[in-house]
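Worksheet: one structure, shown below.
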Amino acid sequence: WQDLVVGAPYYFERKQEVGGAVYVYMNEVGGFQLHPSLVLTGPSYSGFGFALASIGDVNQ
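Count along the sequence shown from 1, then add 53; that gives the number in my numbering.
Right under this line is the structure:
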């Protein structure tokens with residue numbers, strides 16, 4: 054695979070009022086880094102990233 058997108062709808066941070074996250078890992082030089090290339094977050098209690106939780110392989 055080339056890139057990996059991970060939805061984490063139950064992720065939260067109290068201090069930042071964040072509810073849900075999407076982590077994007079870019080495949081660089083044939084492998085992934087330990088930390089995501091991009092982290093997207095949504096507002097509190099939004100369940101942001103839930104749609105990605107069961108999307109499966111989008112290349113198929």
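Heads up, the beta-carbon is just placed ideally off N, CA and C, and yes, glycines get one too.
(message) Whole angstroms are fine: how far does the CA of residue 102 sit from the CA of residue 91?
(response) If you draw a straight line from the Cα of residue 91 to the Cα of residue 102, it comes to about 13 Å.
(request) Take the Cβ of residue 77 as the centre, count every other Cβ of all protein chains shown within 10 Å, and call the residue buried at 16 or more, exposed below. (result) Of the other Cβ atoms in all chains shown, fewer than 16 fall within 10 Å of the Cβ of residue 77; this residue is therefore exposed.
(request) Quick one: grab the DSSP three-state call for residue 101. (result) Note: residue 101 maps to strand in three-state DSSP.
(request) Using the DSSP secondary-structure output, state which residues sit across from residue 57 in a beta bridge. (result) DSSP output for residue 57 lists 78 as bridge partner(s).
(request) Have a look at residue 89 and residue 98 and give me their C-alpha separation to the nearest angstrom. (result) Distance between the alpha carbons of residue 89 and residue 98 is about 23 Å.
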